[in-house]
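*Asks:* Respectively, the protein sequence lines represent chains Y and Z.
For what it's worth, this note's numbering labels the leading residue of the first sequence as 4, then goes sequentially.
For what it's worth, this note's numbering labels the leading residue of the second sequence as 37, then goes sequentially.
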Amino acid sequence: MTAPLGLTALRPAVMPAHGVGSRQDLPLPFNLLLLGAALALLISFAALGALWKSPRFGNERGRPLPVPVARVLDSRTVRALFVGLSLVVTGWTLLALVAGKDNANSPVPHVAYVWLWVGLAFGSMVFGPIWLLINPIRWLHRGVLRVARVSEDFTLARYRLGYGPAAAGLLAFVWLELIAGDNATLPVLRVAILGFVLISLVLCLVFGRDYLRVGDPFAAWSALYGTLSPLGRRADGQWVLRTPLQGPNALGPQPGLLAVTSVMLGTTAYDGFSRQTWWYTFVQSSSLPGQVWQTAAMLSMCLAVAGSLYVAGAFSAMLARVPARGMATAFAPSLIPIAAGYLIAHYWSLWVFEGTNGLAKMTDPLGIGANWLGTAHLEPAAALIAPGLVANIQVVAIVTGHLLGVVLAHERAVTILDRRVAVVGQVPLLMLMVLYTVGGLTLLFSQ
Amino acid sequence: MWGAVVAEIAIGLSACGHDWGRTVTSTTRPPPVLQTTSAATSTTGGGPPTGTAPTSSREVATAAPTGLSIAVRITGRKVSPSPATIELAVGESLTVTVTSDHDDQLHAHGFDVVAELVAGKPATVVLRGSATGVFDVETHEPALRLFRVAVR
């Protein structure tokens with residue numbers, strides 16, 4: 004029973020199909036593919052004919068939360084609790100990263116690739132842009148400034164890059180997760196995580212806190228998926244309950260918005276695409292290194308999303324006789340619910356399965372056989388990932404994402420286009436969304 | 037003896053970046069082929085992971101009494117037959133025989149099965165479907181997916 008240690012030393016880790024996890028969902032049944040596609044078409048045409056003809060969300064400001072609830076959400080204690088929890092998890096993970104053993108029991112890959120990625124997205128969809136509050140980088144930045152006795156508003160330059168750095172950072176993260184070799188080993192994770200912290204800190208010191216609001220990759224990830232949350236905050240600070248439409252609709256035309264939403268959708272689509280048998284057969288028998296093909300495919304997916312939205316926007320502009328400039332960015336928020344649908348469909352079971360495994364591994368951060376949290380024997384709930392349930396979640400998520408995307412595009416069309424041409428002007432965008440939806444379902448169906 | 041080997045294989049899997057803590061291979065009904073496989077693999081469990089050639093031959097593998105079977109040949113980075121998905125019912129077994137032209141490690145994800153491959157010598161493992169899902173069966177040097185098992 005001691006030999007496996009020798010084996011571990013010999014082969015520290017191997018890149019599985021996903022950064023962590025080797026269990027994938029069964030293919031989506033064909034009848035559900037057809038049902039989803041039919042619903043997508045139906046929703047799109049119904050939206051064209053039946054939805055409102057003049058902007059509607061501008062006046063809807065959500066239902067204010069009862070004062071006691073809002074007071075709790077705003078209370079220093081509650082906020083400090085969340086921040087404290089985030090910092091403890093961060094510290095715990097850093098302990099495992101620096102001092103833990105480099106084997107399959109390390110919790111670090113799970114925290115990085117499952118909790119921070121899928122977990123943060125799901126949490127944000129429910130609770131809103133939580134990363135803006137609990138981002139450890141924010142508190143590191145604040146601590147550094149305080150130690151240096153410098154004002155918290157200190158900056159060297161004004162931040163003008165919008166979501167650009169976030170798009171680049173998310174792309175790099177997904178590349179590490181899905182393509183890089185040995186990405187679940189501690190040496191690689193040490194370089195990646197400490198490198199990310201250092202770069203983030205420098206950017207914070209240069210650009211100040213504005214960078215942390217939009218430029219930080221995980222802040223953008225959380226804030227954009229967080230627009231779908233029923234919990235929202237109005238411009239005047241009032242907490243409101245709102246539909247998942249008001250948040251994305253309120254997004255302004257920030258630079259980089261098209262890029263970051265394309266990365267959000269494109270990378271998830273790439274993950275589904277890369278599981279296709281014909282694709283990996285081609286990649287692994289090619290004479291070029293597989294990572295070249297994989298990187299090219301991931302970039303192509305993101306460019307295809309941005310490019311197709313740009314082309315659809317240009318067509319819309321042509322039909323509506325308005326300039327094409329800015330059209331793609333104006334409709335980019337419609338991609339957020341679609342990306343969210345893809346994300347839930349692809350990663351629900353990963354979240355249940357590997358999220359739970361991560362919690363089980365967290366109990367022993369140093370790899371010494373400890374059970375400090377008492378979670379060592381936690382098992383993923385099989386009922387939550389039963390094939391029938393997963394297939395239904397996948398279709399409901401993708402079709403709901405489509406529905407929200409279509410309604411958002413409609414609202415945006417009647418807002419920025421002339422009333423007489425708004426209906427015809429949104430046809431190219433609706434067709435594009437049907438394409439994304441059927442494409443997403445097809446990726447889940449064909450393996 | 038077989039039970040101990042299974043346990044060792046499962047622990048050895050910690051080498052691969054994920055350990056589901058789930059052993060799937062049958063302990064109740066060892067087909068004849070397992071004698072040779074287990075003898076070979078137990079060497080892996082009991083000593084340094086060198087010279088652990090499973091010595092079972094393909095004839096033995098195809099003679100496995102029940103369930104499905106598949107024989108895969110690896111030549112460099114070429115996998116034949118071409119990767120595909122094999123359907124397996126929960127409780128059903130799949131006998132896998134792999135012959136590689138180079139030393140390598142066979143890993144059936146989710147089944148928690150690893151076996152050392154020695155150039156030119158067929159190695160046989162038995163995968164038994166327990167939890168539903170799709171699982172990759174791959175080698176590590178180079179990383180190749182041989183096929184995929186859909187357990188339903």
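Quick reminder that beta carbons are idealized off the backbone N, C-alpha and C, glycines included.
Tell me the rounded alpha-carbon separation between Val-162 of chain Z and Val-185 of chain Z.
*Replies:* Going by the C-alpha atoms only, they are around 12 Å apart.
*Asks:* Which term fits Pro-336 of chain Y, buried or exposed, when burial requires 16 or more other beta carbons within 10 angstroms of its beta carbon?
*Replies:* Result: buried.
*Asks:* Would you say Gly-358 of chain Y and Val-70 of chain Y are within 7 Å of each other, going by their C-beta atoms?
*Replies:* Going by C-beta atoms, Gly-358 of chain Y is not nearer than 7 Å to Val-70 of chain Y.
*Asks:* Tell me whether Leu-88 of chain Y is buried or exposed, calling it buried when 16 or more other Cβ atoms sit within 10 Å of its Cβ.
*Replies:* Per the 10 Å Cβ criterion, exposed.
*Asks:* Please list the partners that Tyr-273 of chain Y has in chain Z, where partner means a Cβ-to-Cβ separation under 9 Å.
*Replies:* Chain Z residues near Tyr-273 of chain Y: none, gap ~17 Å exceeds 9 Å.
*Asks:* Comparing C-alpha positions only, which one of Y:Phe-130, Y:Thr-280, Y:Asn-106, Y:Arg-141 sits nearest to Leu-90 of chain Y?
*Replies:* Minimum Cα distance to Leu-90 of chain Y is reached at Y:Arg-141.
*Asks:* For Ala-160 of chain Y, I'd like the list of residues in its chain whose CB is within less than 7 Å of its CB, leaving aside the five on either flank, ordered along the chain.
*Replies:* Counting only Cβ-Cβ distances below 7 Å, and skipping sequence neighbours, we find Val-209, Phe-210.
*Asks:* Using beta-carbon positions only, say whether Trp-134 of chain Y and Ser-225 of chain Y come within less than 7 Å of one another.
*Replies:* The answer is yes: Cβ separation under 7 Å.
*Asks:* Note down the Cα distance separating Trp-281 of chain Y from Gly-52 of chain Y, rounded to an integer number of angstroms.
*Replies:* Each residue's alpha carbon lies about 40 Å from the other.
*Asks:* Return the chain-ordered list of same chain residues with a C-beta closer than 7 Å to the C-beta of Asp-28 of chain Y, the five sequence neighbours on each side being excluded.
*Replies:* Counting only Cβ-Cβ distances below 7 Å, and skipping sequence neighbours, we find Ser-352, Val-393.
*Asks:* By Cβ distance, which residues of its chain are closer than 8 Å to Ala-16 of chain Y, with the 5 residues on each side in sequence left out?
*Replies:* Because Ala-16 of chain Y sits at a pLDDT of 37, beneath the cut-off of 50, its placement in the model cannot be relied upon, and the following sentence gives the value as read from the coordinates. Excluding residues within five positions, the ones whose Cβ falls inside 8 Å are Asp-105, Asn-106, Ala-107, Asp-185, Ala-187, Thr-188.
*Asks:* So, is Trp-451 of chain Y buried or exposed, given that buried needs 16 or more other C-beta atoms within 10 angstroms?
*Replies:* It is not possible to answer for residue 451 of chain Y, since the shown part of chain Y is limited to 4 through 450.
*Asks:* Are Gly-172 of chain Y and Pro-220 of chain Y closer than 7 Å when you measure CB to CB?
*Replies:* Yes, Cβ-Cβ distance for Gly-172 of chain Y and Pro-220 of chain Y is below 7 Å.
*Asks:* For Thr-280 of chain Y, go through chain Z and note every residue whose CB falls closer than 8 Å to its CB, in chain order.
*Replies:* Those within 8 Å of Thr-280 of chain Y in chain Z are Pro-119, Ala-120, Thr-121, Arg-184.
*Asks:* Could you check how far apart the C-beta atoms of Ile-182 of chain Y and Gln-279 of chain Y are, in whole angstroms? I think they sit under 8 Å.
*Replies:* Wrong, their Cβ atoms sit about 15 Å apart, outside the cutoff.
*Asks:* Apart from the five residues just before and just after Ala-425 of chain Y, which ones in its own chain have a Cβ nearer than 6 Å to its Cβ?
*Replies:* So the qualifying residues of the chain are Ala-416, Val-417.
*Asks:* Would you tell me roughly how many angstroms separate the C-alpha atoms of Tyr-2 of chain Y and Gly-218 of chain Y, rounded to the nearest one?
*Replies:* Any property of residue 2 of chain Y remains undetermined from this structure, which presents chain Y solely from 4 to 450.
*Asks:* Quick one: what does DSSP say Gly-122 of chain Y is sitting in, helix, strand or coil?
*Replies:* Note: Gly-122 of chain Y maps to helix in three-state DSSP.
*Asks:* Since Glu-357 of chain Y is in the alpha helix (DSSP H), which residue starts that stretch and which ends it?
*Replies:* Where Glu-357 of chain Y is concerned, the enclosing alpha helix (DSSP H) stretches over 338-365.
*Asks:* Which two residues bound the contiguous beta strand (DSSP E) that contains Arg-136 of chain Z?
*Replies:* Looking at the sequence provided, one finds Ser at residue 136 of chain Z rather than Arg. 129-136 is the span of the beta strand (DSSP E), which, as asked, contains Ser-136 of chain Z.
*Asks:* Pull up the distance between the alpha-carbon of Val-170 of chain Z and that of Thr-230 of chain Y, whole angstroms please.
*Replies:* Using only the alpha carbons, I get a separation of about 33 Å.
*Asks:* Can you tell me the Cα-Cα spacing of Ile-137 of chain Y and Val-114 of chain Y, whole angstroms?
*Replies:* Cα to Cα, Ile-137 of chain Y sits roughly 15 Å from Val-114 of chain Y.
*Asks:* Kindly say whether Thr-175 of chain Z, judged by its beta-carbon, lies nearer than 7 Å to any beta-carbon of chain Y.
*Replies:* So, not an interface residue.
*Asks:* Measure the C-alpha to C-alpha separation of Val-129 of chain Y and Pro-233 of chain Y and round it to an integer number of angstroms.
*Replies:* Near 7 Å, if we compare the C-alpha coordinates of Pro-233 of chain Y and Val-129 of chain Y.
*Asks:* Rounded to whole angstroms, how far is the Cβ of Gly-259 of chain Y from the Cβ of Tyr-166 of chain Y, which I believe are closer than 8 Å?
*Replies:* The Cβ separation is near 3 Å, so the contact holds.
*Asks:* Are the CB atoms of Trp-354 of chain Y and Val-147 of chain Y within a distance shorter than 7 Å?
*Replies:* Against a cut-off of 7 Å, the Cβ pair of Trp-354 of chain Y and Val-147 of chain Y comes out as no contact.
*Asks:* What does Val-170 of chain Z reach in chain Y if we use C-beta pairs closer than 9 Å?
*Replies:* Here the neighbours are Arg-26, Gln-27, Asp-28, Leu-29, Pro-30, Arg-278, Gln-450.
*Asks:* Let's test the definition: count the other Cβ atoms within 10 Å of the Cβ of Met-434 of chain Y and tell me whether it reaches 16, buried, or not, exposed.
*Replies:* Counting Cβ neighbours within 10 Å, Met-434 of chain Y comes out exposed, since fewer than 16 surround it.
*Asks:* I'd like to know whether the C-beta atoms of Leu-244 of chain Y and Arg-422 of chain Y end up nearer to each other than 7 Å.
*Replies:* No, they are not a contact pair.
*Asks:* On the CB-based measure, 16 or more other CB atoms within 10 Å of its CB, does Val-441 of chain Y come out buried or exposed?
*Replies:* With 16 or more Cβ atoms within 10 Å of its Cβ, Val-441 of chain Y is classed as buried.
*Asks:* Starting from the C-beta of Tyr-214 of chain Y, find all residues in its chain whose C-beta is less than 6 Å away, skip the five residues before and the five after it, and write them out in chain order.
*Replies:* So the list reads Tyr-162, Leu-206, Cys-207, once near-sequence residues are dropped.
*Asks:* With distances taken between CB atoms, is the gap from Ala-50 of chain Y to His-413 of chain Y smaller than 7 Å?
*Replies:* Taking 7 Å as the Cβ cut-off, Ala-50 of chain Y and His-413 of chain Y qualify as a contacting pair.
*Asks:* Between Ala-83 of chain Y and Leu-76 of chain Y, what straight-line distance do the alpha-carbon atoms span, to the nearest angstrom?
*Replies:* So the two alpha carbons sit approximately 11 Å from each other.
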